[in-house]
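Engineer:
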Amino acid sequence: ASLLRATKLEPGLAIGWGVLADMALEENKLSLAAQHIARARAIEPANTRWRLIEARILRRGNKPENAVRLLRSLPDDELLADPNLLAEAAACYAMLSRPDDAAGLYMMASARSPEDADLAFDAAVWLDRAGRPGDAEGFASAAANRGHQKARELLGNLKKSDR
3 ASLLRATKLE
13 PGLAIGWGVL
23 ADMALEENKL
33 SLAAQHIARA
43 RAIEPANTRW
53 RLIEARILRR
63 GNKPENAVRL
73 LRSLPDDELL
83 ADPNLLAEAA
93 ACYAMLSRPD
103 DAAGLYMMAS
113 ARSPEDADLA
123 FDAAVWLDRA
133 GRPGDAEGFA
143 SAAANRGHQK
153 ARELLGNLKK
163 SDR
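Under my numbering, the first residue of the sequence shown carries the number 3, and numbering increases by one thereafter.
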C-alpha cells in the first residue's frame, strides 16, 4: 500500500514501480508485473535490476526467447559479472532446450573470473547437461581445485561415466 501511495505521489519513482513489479511477479500476476516493470524501465532504462525482473516475467509467461534477447542485449561485461543475470539467462536457455548456450555463458564468465569456483562449477554443470562430459570434467576439476565440494562430487560422477 505504501508503495502504491509513493508511486502516486511521485510517478517517476522507478524503485517503487520495480518493487511493485517484483511483488506482482511473486504473486504470479504477470500482466500487472509487466505493466509495473515497463514503467520502471521507462524511467531508468539502463537499470539492470529492472531488466532482470522483466526477463523473469517473460520467462514465467513462457517467452524465454524474448527474455534471452533482452538479457543478451546487455554488454557482456554486465551480463557475465552478475550471477543473477547469468542464472536467468541459463534458465531461459534451458527452457529453449539450449544447454550448450548456457554453458557458453558460464564458460565466458569463468574465463573472466578464473578464481571463482562457483562459475567454474556452473560451467561444468551446464556442459554436462549439454552432453560435453570431457569439457565438463575440466571445469569441474578447476572448481574442485578451488575447494568447491559439489564440484568434487560432479567430477567423481563424470569420471565414473567415462569408464
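Every residue gets a Cβ at the ideal spot worked out from N, C-alpha and C, and that includes glycine. Source: prediction; values computed, not measured.
Using CA atoms only, rank isn't needed, just tell me which of Arg134, Phe123, Pro135 and Asn159 is closest to Ala146.
Structural biologist: To locate residue 146, count along the sequence shown from 1; it is residue 144. Among Arg134, Phe123, Pro135 and Asn159, the Cα nearest to that of Ala146 is on Phe123.
Engineer: Where do the ends of the alpha helix (DSSP H) carrying Asn86 lie?
Structural biologist: As a position in the sequence shown, residue 86 is number 84, starting the count at 1. Start and end: Pro85 to Met97.
Engineer: Could you give the distance in angstroms between the alpha-carbon of Ala89 and the alpha-carbon of Leu156?
Structural biologist: Here residue 89 corresponds to residue number 87 of the sequence shown, with the count starting at 1. Here residue 156 corresponds to residue number 154 of the sequence shown, with the count starting at 1. Taking the straight line joining both Cα atoms gives about 19 Å.
Engineer: For Ser143, name the three-state secondary structure that DSSP assigns.
Structural biologist: Position 141 of the sequence shown, counted from the start, is the residue given in the question as residue 143. Ser143: helix per DSSP, three-state reduction.
Engineer: Quick check: the stretch 61-77 against the stretch 37-49, are at least 3 beta-carbon pairs closer than 8 Å?
Structural biologist: no
Engineer: How long is the line joining the alpha carbons of Ile39 and Trp19, rounded to whole angstroms?
Structural biologist: For the purposes of this step, residue 39 is taken as the residue at position 37 of the sequence shown. For the purposes of this step, residue 19 is taken as the residue at position 17 of the sequence shown. Their Cα atoms are separated by approximately 6 Å.
Engineer: Go through its chain and collect everything with a Cβ distance to Glu56's Cβ below 7 Å, but skip five positions before and after it.
Structural biologist: Residue numbering aside, residue 56 sits at position 54 when the sequence shown is read from its first letter. Here the set comprises Ile39, Arg43 and Leu72.
Engineer: Output the distance between the C-alpha atoms of Ala23 and Asn86, rounded to the nearest integer angstrom.
Structural biologist: Taking the sequence shown and counting its residues from 1, the one referred to as residue 23 is at position 21. Taking the sequence shown and counting its residues from 1, the one referred to as residue 86 is at position 84. Near 17 Å, if we compare the C-alpha coordinates of Asn86 and Ala23.
Engineer: How many Å lie between Lys161 and Ser112 at the Cα?
Structural biologist: Residue mapping note: residue 161 aligns to position 159 of the sequence shown, counting from 1. Residue mapping note: residue 112 aligns to position 110 of the sequence shown, counting from 1. C-alpha separation (whole angstroms): 22 Å.
Engineer: So Leu22 is in the alpha helix (DSSP H); what residue range does that whole segment cover?
Structural biologist: Along the sequence shown, one-based indexing puts residue 22 at 20. That run of the alpha helix (DSSP H) goes Ala16 to Glu28.
Engineer: Whose C-alpha, out of Ala36, Val70 and Trp52, is nearest the C-alpha of Ala16?
Structural biologist: For the purposes of this step, residue 16 is taken as the residue at position 14 of the sequence shown. Nearest of Ala36, Val70 and Trp52 to Ala16, Cα basis: Trp52.
Engineer: Could you check the C-alpha separation between Gly133 and Leu11 for me, to the nearest Å?
Structural biologist: What you label residue 133 is simply residue 131 of the sequence shown in a count that begins at 1. What you label residue 11 is simply residue 9 of the sequence shown in a count that begins at 1. Going by the C-alpha atoms only, they are around 54 Å apart.
Engineer: Let me know if Pro13 comes out buried or exposed under the rule of 16 or more other beta-carbons within 10 Å of its beta-carbon.
Structural biologist: Indexing the sequence shown from 1 puts residue 13 at position 11. The residue is exposed, with fewer than 16 neighbouring Cβ atoms inside 10 Å.
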